[in-house]
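Novice: Please find one structure pasted underneath; my questions will follow.
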Amino acid sequence: MLGIGGKRCRGPSSTTSRASLEPTVLSLAFVFLLVGYGTKVGLVPLHNWLPDAHAEGPTPVSAVLSGLLLNVALYAVVRCKVLVEGAVHTAIAKELMIGFGLLIGRRRGVPAVAPKDIKRLFAYSSIEHMGIITFAFGMGGPIANFAGLLHMTVHSLTKSAIFFSVGHATQKAGTQQIDGIRGLITVSPMIGWALALGTLAILGMPPFGVFASEFLILTTAMREQPWATPLLLRRIGHRVRRRVLQGAADGVRRDDACSGCRIDPRSVPVFVHLALVLMLGLWIPPYLADWYRQAARLIG
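Numbering (this note's numbering), first residue to last: 1 to 300.
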């Protein structure tokens, strides 16, 4: 940046900038930032808008919302946490993020009666997973941050695959109501299996990547925050009713044009995403692991 007379002005270093900030003001600012960005992330109890947005929005919007936009808001929270920890030298940012993350384990963000809308059902799953990621970044440290970054990746891939599968299923059934979507395995095997595998992956079943990241978060919590372990042991995710995937095919239209096709082209991107999630559960490429480690060190 050029100053007076064309001379280049050097700004203060990040350490000097953080040291010059007022701790009280910055702590209060982080509370408001966490509430604001936490609403966008969908943290309990700020999550009420998210299921409605998924239920009313088109399928591509649901995939982008759950797979990308929630992560962007959480990224902003993490950046603010790094700044606050460097300036305040207290655990206020860490404790607030852990607290909001554990609310997902205590209340699960789910109503007493299971949602009847299939997109709303998976929206509550996003709320749970974002709470777990927030908890991981709240703990901090190289392992927890590594696990949080991995979980962000596999959650994005899995939820985009699920919502595209749900979109195909609702087009065939003509409804988003779970009661009206039946027999996908019989009527459209590709879509049915894609939704079944996506559901298993988002539930954290091995050997998918969601299981690997959640296992890292859990084992780190057992060492760093043992009091939080019982809350994290609750299974994250929700089950789609069995008749969505099996049973009578009432109300679902058979696609005559592709009834004899072995591969439905519309399902290829879904299976590519699920294959990546499976790969990350079994093996992480070295360059990606190094990137995660470097980012984890920067987060602190």
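Glycine residues also receive a C-beta, built at the ideal position from the N, C-alpha and C atoms.
Quick one: what does DSSP say Gly225 is sitting in, helix, strand or coil?
Specialist: Strictly speaking, residue 225 in this sequence is Gln, with Gly absent from that position. Correct three-state label for Gln225: coil.
Novice: Have a look at Gly300 and Val187 and give me their C-alpha separation to the nearest angstrom.
Specialist: C-alpha separation (whole angstroms): 50 Å.
Novice: Among the residues of its own chain, which have a CB less than 6 Å from the CB of Ala147, if the five just before and after it don't count?
Specialist: Same-chain partners within the cutoff: Ala136, Ser213, Leu216, Ile217.
Novice: If you drop the 5 nearest sequence neighbours on each side, which residues of the same chain put their C-beta closer than 7 Å to that of Ile143?
Specialist: Cβ neighbours of Ile143 beyond the five flanking positions: Leu216, Thr220.
Novice: Can you give me the Cβ contacts of Asp256 inside the same chain, cut-off strictly under 6 Å, excluding the 5 residues immediately before and after it?
Specialist: The predicted position of Asp256 is uncertain, since its pLDDT is 46 and thus under 50; no value can be drawn from it.
Novice: Pull up the distance between the alpha-carbon of Gly99 and that of Ile127, whole angstroms please.
Specialist: Those two C-alpha atoms are separated by around 15 Å.
Novice: From Val77 to Tyr37, what distance separates their C-alpha atoms?
Specialist: Cα to Cα, Val77 sits roughly 7 Å from Tyr37.
Novice: Here's a check: name, in chain order, each residue in its chain whose Cβ is nearer than 7 Å to the Cβ of Gly198, leaving out the five neighbours to either side.
Specialist: Thr158, Ala161, Ile162, Ser165, Leu274.
Novice: Between Met130, Ala296, Arg120, Leu96, which lies nearest to Leu69 when the distance is taken from Cα to Cα?
Specialist: Nearest option by C-alpha distance: Met130.
Novice: Given a cut-off of 8 Å on the beta-carbon distance, is the pair Val154 and Val210 in contact?
Specialist: Cβ atoms of Val154 and Val210: closer than 8 Å.
Novice: Would you kindly report the start and end of the unbroken alpha helix (DSSP H) that includes Asn48?
Specialist: Per DSSP, Asn48 belongs to no alpha helix (DSSP H) and is neither H nor E.
Novice: For Arg79, report the span of its alpha helix (DSSP H) as first-last.
Specialist: Start and end: 70 to 88.
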